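Below is one structure, written out as structure tokens; comments come after it.
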Ligand SMILES: Cc1cc2nc3c(=O)[nH]c(=O)nc-3n(C[C@H](O)[C@H](O)[C@H](O)COP(=O)(O)OP(=O)(O)OC[C@H]3O[C@@H](n4cnc5c(N)ncnc54)[C@H](O)[C@@H]3O)c2cc1C
Ligand SMILES: Cc1cc2nc3c(=O)[nH]c(=O)nc-3n(C[C@H](O)[C@H](O)[C@H](O)COP(=O)(O)OP(=O)(O)OC[C@H]3O[C@@H](n4cnc5c(N)ncnc54)[C@H](O)[C@@H]3O)c2cc1C
Ligand SMILES: Cc1cc2nc3c(=O)[nH]c(=O)nc-3n(C[C@H](O)[C@H](O)[C@H](O)COP(=O)(O)O)c2cc1C
Ligand SMILES: Cc1cc2nc3c(=O)[nH]c(=O)nc-3n(C[C@H](O)[C@H](O)[C@H](O)COP(=O)(O)O)c2cc1C
Ligand code: FES
Ligand code: FES
């Protein structure tokens, strides 16, 4: 785990309001695992005040990338960064996706910016000898960021590209044609999508890991700010930052959106 | 008076940690008078929170310039501005220097960043038919910003350039050689210097205006945050922002530094 | 869109006001602000005699806020009537005169004199003033004195009487209840929070009076909690005040139970904030499909079983 | 440079501590922070039984600060002794265990059990907890209860006993005086300020419990004023807490009268803030030609004739 400034090597807009920021940090590049995240301080001032968590999107040599949507002050400042600026990083943080295990096929399901951990996840899975099938959903074609995803199956809510409907409906129709038993599901996206994925995976008797979001302050387990409710457990809550952000879908109760 | 965003046309470092920022605003350029100031919002965030007041340094066509030293957050952000960025300006504000009147010679005395209003003041005085003699003091040569000042007399505390001593000592020695009776003094700089200027001017029976600083929030008379004590007046305090920042030196009591 | 509301016998055209001490007497900003678009102007606090105010420094910037110790510098009620009121009467907005005093009698004298004047729509009473009889402790932290001021003033006027509460107390809702019983038409929640700033190098306080009043976005969470506390336990209209910079901030105050809001420190960043906020609330309400801004008042969707002072902090 | 100080029978190597609830139990940050450079660690508040804490959302960002409603989630005193204390004993810094409870008896039970353990240097008592007997109103706003807790606990321990006061009261110095009389060795000033944040669009509070505790730089001016108020009227060592991010902030607290400081929310931005601050205070003191950081304590250069609640705000 490192806490330091990193030099920004570039920022590019890859879809409507969606940016990829890259920075140099050999330690993170060497050690990060799929599903882990970084807690970024976007600048030195007090506004915004807290760090902002982002999944690691890709790693290339010493360079680490995150992908994000501009939704508020923090992401707006990140989008305005230029080569030569710095971001202060804390990470890698959290429990990575479980890519070992018996399954042969990995089903990756991403909704919106849920694609964030998918490129690095796909790469590690393939290296581990798994076959990877990736499904991506977005509201409309302009919001799709399909870079670095190998032959993704695409769904849009408005039908402007690929399957007309939700990404989970797309997965279900895919499974009807290609029934899978020896597969594991990995999903990241809005809560409502994760609920649908979870229902689908459990109905299909497939193991399934979800990557969750949640308000965070520290990212390292010292503020207790990021609970997620657990199912049938002695402790009622787990911390998303240190016990997640990836969870087996049968162990947690998703928060209403 | 205007309140709007203005396009930055450039920022240049003109001495150690001293910057000139220029921006386009025809209204201010057309109407501003020497000694007036602008209250700048350096960016949209909450840190720094309040506006920052700066004297107008120069005007060229539609472009207005301020000169400043980086001393804290606000000035650091201003120094980092680039052509194409914006600053939010409120002004011109305050009572300008009195450049009309009977005198034929103007003695301008600046300490440190007190040179800020001098270029525009010198220009207006010359246009009004006055002869202008300008005296500039700084701690050391690297901090001198003598651009746009016509043949200034220079003093440095450490003797690294010009007269070795304070700028007021320099003025006094100049007056010994060139006694003046038909002159008016205009001064801007640190409080201790203004005190010395004030004593000198009163001892020499010369009219004298000082440009004061003081903590400001609004700059337009609505917060009552910027009092300066008056001498022998019915109201104990005047407001620096609307009744100053220029004051006849006999009407106010300078605050201890 | 219905934007206005009525307090006692006065109709206000909308729910956005400018806070006392942050808008002068309205004349300073005539070239910058269309004051006719405001629900009303709370004037700088007036006392019987003019007050010089405190020595400099009177203000200091703090994280997302500022500290002030103006000392209620004001021109006094007579000069106000002579020099400021004629101008204020020409404005197409309501004028609420804010009153400060150091004795109950002074409050009565000032209000009594003003109540005879044309062009004043109501009174807001600043009780964050040192009570000279009680060794200078603020009236506003003494529930009985606050209620006494209220009932004495109530007897003097038929115009809206608004008591401006200080947040520097344990139970602000008890003060709201007391002034309601004493006849107040509304409360303003809140005045500034006591604070302090120090220059580590010179070892001096950054304002001349050592401590002063904290305002601005830094205190918005505190103000929302105080408004919510009052709204949950006392049935009285509330002017919500504290750190409002945007229409969204203002809506937050309406949701927790304020009937109207006041813009304070934000005026120093931009004196037309009130106008922008009034317009912004209207378009927000339109987007949400409302017909009356009043539908936002108290419309928070929260657990009701929770008292502000009952949490594990 | 003398950096340390002594409280009762314990010597602390310097005056910078980390605040309860903002540093976990010390083990989470072992790879990031040299905890041996801290004066001490205040643990997360412990209660007798483990507490789940409140449902999400538990935190929200606010201007220059944050709101939290963790609900004192903690592992309980038994698990602490078994799982955390062995590690804490290996650290080269002092361990102050912070205790929270919902009855006077629970405070006594927790402290009594801990007092028998090795490796605990003192106790800090969080009185910002709902008193179940009094309908859940916080102990910390009730001066008598706070004093009662103090004297009951005093009887149980010879170790430093520090009472952590809440700022949500009118006269914090009365609480400081009461706990001093009841035998406390020091007070911590202050816990979080009650606040609230709302999402205008969803109309929901941003934290699940509606109101919560405000912390961070936004409250620094309030904390400085509270520390100053206590320091001016009660002769008791003070741990100054509230919004400290830098060594300069910490020096401000020392100047107004704190004997030591605690770093809270800043740990979430950088958990090594305490170490940086401790080093920064030392070099600041050296620049100022001091031999002992203690020379800064109470060294404010201010008018002394001014009470915090006596101003015209
Ligand atoms: C483990 C984790 C991984 C994430 N990975 C990504 C990613 O790879 N790409 C991406 O675009 N976004 C990601 N997010 C969400 C991202 O953190 C927020 O979009 C971002 O913090 C918004 O910051 P802002 O200042 O622009 O927005 P603001 O709305 O100004 O933020 C205000 C506050 O809300 C918090 N916040 C806002 N949205 C979220 C959210 N969805 N989840 C958690 N906190 C939020 C912020 O941290 C901040 O405290 C992730 C969140 C978590 C918890
Ligand atoms: C009428 C007027 C004209 C001025 N003209 C110039 C100028 O032309 N060039 C120049 O370099 N400076 C000028 N100053 C001073 C300038 O405003 C401050 O240097 C600047 O505000 C510092 O901001 P900061 O954020 O960098 O510093 P910080 O130290 O972060 O500022 C903190 C706070 O202190 C206030 N402050 C700090 N220094 C001063 C000061 N000297 N006077 C008033 N308030 C201060 C800031 O406004 C802010 O509220 C002028 C001040 C006034 C009142
Ligand atoms: C510089 C300044 C002067 C103030 N003067 C007064 C005053 O004269 N009377 C009064 O009742 N409140 C006064 N206030 C308090 C404000 O009206 C308001 O209650 C407070 O600032 C909180 O709102 P804000 O955060 O929007 O500023 C003053 C506030 C400031 C910042
Ligand atoms: C997330 C969080 C959890 C906290 N938990 C506790 C706690 O368990 N016990 C306690 O006494 N104080 C607790 N506090 C209060 C802090 O110790 C501190 O008093 C307060 O945050 C003010 O300091 P700061 O502004 O530096 O954060 C907590 C604060 C935060 C932000
Ligand atoms: S974000 Fe602080 S504990 Fe998870
Ligand atoms: S700065 Fe507000 S009155 Fe002068």
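Residue numbers (our numbering), protein chains in the order written: chain A, 782 to 1038; chain B, 782 to 1038; chain C, 80 to 392; chain D, 80 to 392. All residues carry an ideal CB built from backbone N, CA and C; glycine is no exception. Please read all numbers here as calculations on a predicted model, not as lab measurements.
- At the C-beta level, residue 961/A and residue 925/A stay beyond 9 Å of one another.
- A contact between stretches requires three or more CB pairs, one per stretch, nearer than 8 Å, and the stretch 981 to 996 of chain B fails this requirement with the stretch 909 to 920 of chain B.
- In the DSSP annotation of this structure, the continuous segment of the alpha helix (DSSP H) that includes residue 188/C starts and ends at 183 to 194.
- Residue 222/C sits in a helix when the DSSP states are folded into three classes.
- Exposed is the label assigned to residue 852/A, since fewer than 16 other Cβ atoms lie within 10 Å of its Cβ.
- For residue 287/D, the closest Cβ of chain C is nearer than 9 Å.
- A residue is called buried once 16 or more other Cβ atoms fall within 10 Å of its Cβ, and residue 165/D, having fewer, is exposed.
- Taking a contact to require three or more Cβ pairs closer than 8 Å, the stretch 928 to 945 of chain B and the stretch 887 to 904 of chain B qualify as touching.
- The C-alpha of residue 792/A is placed about 39 Å away from the C-alpha of residue 334/C.
- Listed along chain B is no residue with a C-beta nearer than 7 Å to that of residue 278/C; the closest approach is about 12 Å.
- Taking 9 Å as the CB threshold, residue 223/D stays off the interface with chain C.
- Interface criterion met: the Cβ of residue 826/B is under 9 Å from a Cβ in chain A.
- Apart from the 5 residues on each side of it in sequence, residue 171/C sits with its Cβ closer than 8 Å to the Cβ of 114, 115 in its chain, given in chain order.
- Burial of residue 200/C is indicated by the presence of at least 16 other C-beta atoms within 10 angstroms of its C-beta.
- Residue 195/D counts as exposed, since fewer than 16 other C-beta atoms from the protein chains shown sit within 10 angstroms of its C-beta.
- Distances between the C-beta of residue 275/C and the heavy atoms of ligand 2 are all 8 Å or more.
- Under the 8 Å Cβ criterion, the stretch 273 to 283 of chain D does not count as touching the stretch 248 to 255 of chain C, having fewer than three qualifying pairs.
- Under the three-pair Cβ rule at 8 Å, the stretch 1002 to 1012 of chain B does not count as touching the stretch 968 to 981 of chain B.
- Here residue 99/C is near residue 205/C, since their CB atoms are less than 9 Å apart.
- For the stretch 811 to 847 of chain A, the full-length beta strand (DSSP E) segments reaching 3 residues or more read 818 to 822, 833 to 836, 839 to 841 along the chain.
- Straight-line spacing of the CA atoms in residue 169/C and residue 118/C works out to 15 Å.
- In the structure shown, residue 310/D falls within a helical segment according to DSSP collapsed to helix, strand and coil.
- Short note on residue 847/A: C-beta closer than 8 Å to some heavy atom of ligand 1.
- The beta carbon of residue 279/D sits no closer than 8 Å to any heavy atom of ligand 1.
- The beta-carbon of residue 331/C is placed less than 9 Å from the nearest beta-carbon of chain D.
- Sequence-ordered contacts of the stretch 144 to 157 of chain D with chain A read 144, 145, 147, 149, 152 [C-beta pairs closer than 8 Å].
- In the three-state DSSP reduction, residue 355/D falls in the helix class (H, G or I).
- In its chain, beyond the 5 residues on either side, 917, 942, 943 have a beta carbon closer than 6 Å to the beta carbon of residue 935/A.
- Using a C-beta cut-off of 8 Å, the stretch 358 to 370 of chain C makes no contact with the stretch 174 to 190 of chain D, since fewer than three inter-stretch Cβ pairs fall below that distance.
- If you compare the alpha carbons of 295/D, 110/D, 264/D with that of residue 328/D, the shortest gap goes to 295/D.
- For residue 837/A, no Cβ of chain D is located within less than 9 Å of the residue's own Cβ.
- Residue 328/C has a beta carbon lying at 9 Å or more from every beta carbon in chain B.
- Contact between the stretch 837 to 846 of chain A and the stretch 797 to 814 of chain A is present: three or more C-beta pairs spanning the two stretches fall below 8 Å.
- With respect to the 9 Å criterion, residue 268/D and residue 309/D are classified as neighbours on the basis of their beta carbons.
- Boundaries of the beta strand (DSSP E) around residue 788/A: 783 to 796.
- Between residue 876/B and the set 831/B, 973/B, 819/B, the nearest pair of CA atoms involves 819/B.
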